[in-house]
Structures are given as C-alpha cells and as structure tokens.
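The next block holds one structure in the form of structure tokens; read it before the comments.
Numbering (my numbering), first residue to last: 1 to 141.
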C-alpha cells in the first residue's frame with residue numbers, strides 16, 4: 001500500500017511540474033540587444049513603463065500580445081498582474097500623459113516578426129523555432 005501511495009504521489013508531482021513548465025513563456029528580444037539575461041525587476045519595470053533602457057543602456061521597447069494564454073502567463077508570472085490590471089495601468093498612464101501603450105501584436109508570429117525587425121524590442125511567446133530571427137533572454141533572480 002505504501003509503495004502505491006509513493007508512486008501516485010510521484011506521478012502527481014511529475015504531472016504538476018510538467019503542467020507548470022508547459023505554461024511558461026519564452027522572453028525574446030531583437031538580436032541587437034546586448035544582454036542575454038534580465039532581472040525580474042528590470043523586466044517588470046520595462047513592461048510597466050518605469051524603465052526605457054536595458055541594464056546595458058540600450059533602448060528597450062516592450063511588445064505585448066493582445067490576448068491568449070502566453071499573455072496571461074507572462075502577466076501573472078513576470079508582472080504579477082491580470083490582463084485587466086495591466087490594461088488599466090497603461091490606460092491611466094496614457095490618459096495622464098505619463099506614457100504610451102506598448103506595441104500590441106495579434107499573434108505570436110507577428111510579435112516575433114516585429115521584435116526581429118525592431119531594434120531594442122522585447123516580448124514574449126509560448127515558444128520559438130530555430131528559424132525565428134530573435135534571441136532569447138533568460139530571466140534571473
């Protein structure tokens with residue numbers, strides 16, 4: 001009986017871990033961006049409009065998805081906000097003249113294309129392929 005419980009717990013843990021891993025996103029940046037890793041604080045500040053430059057001084061241009069699972073995961077895991085909170089924060093910034101809404105893309109393919117073509121652009125997708133002309137950024141703590 002105890003072996004069965006251990007096996008069930010192990011399988012449960014593995015399925016939870018793989019499900020959580022499957023819901024992660026890949027941070028992508030234009031290949032001209034010099035950094036290869038970014039702190040959660042810098043990432044949050046860039047996407048919330050508090051910073052306009054990467055740690056190396058290069059101009060940062062955040063790009064977001066209009067909706068979908070990748071957007072929800074990114075906002076929750078990296079910014080600690082819901083899509084509604086994120087949208088309201090930016091609407092307030094635009095209304096008060098404190099910022100301009102980040103570029104928004106309708107699809108992950110469009111986001112990758114924009115990031116590849118725009119110096120300083122940074123965004124997120126659920127996955128990339130080798131032929132995508134972007135670099136990945138690793139978040140660190």
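We put the CB at the ideal spot given by N, CA and C, even for glycine.
Leaving out five residues on either side along the sequence, give the residues of the same chain with a beta carbon under 8 angstroms from the beta carbon of residue i.
i           : result
residue 114 : 63, 103, 105, 121 and 123
residue 76  : 82
residue 134 : 28, 29, 30, 31, 112, 115, 116 and 128
According to the Cβ coordinates, are residue i and residue j closer than 7 angstroms?
i           : j           : result
residue 128 : residue 26  : yes
residue 37  : residue 138 : yes
residue 59  : residue 53  : yes
Taking the alpha carbon of residue i as the reference point, which residue from the options has its own alpha carbon closest?
i           : options        : result
residue 131 : 37, 92 and 109 : 109
residue 71  : 87, 61 and 58  : 87
residue 68  : 59, 58 and 84  : 84
residue 90  : 96, 101 and 39 : 101
Alpha carbon to alpha carbon, what distance is there between residue j and residue i?
i           : j           : result
residue 125 : residue 28  : 7 angstroms
residue 17  : residue 79  : Because the pLDDT of residue 17 is 36, which lies under 50, any placement of that residue in the model is unreliable, and the question is left without a value.
residue 51  : residue 107 : 25 angstroms
residue 41  : residue 118 : 23 angstroms
Within a Cβ cutoff of 6 angstroms, which residues of the same chain sit near residue i, ignoring the five residues on either side of it in sequence?
i          : result
residue 56 : 34 and 35
| message | Ignoring anything shorter than 4 residues, give me the alpha helix (DSSP H) runs that lie fully in the stretch 54-119, in order along the chain. | response | 69-74, 83-95 and 108-117
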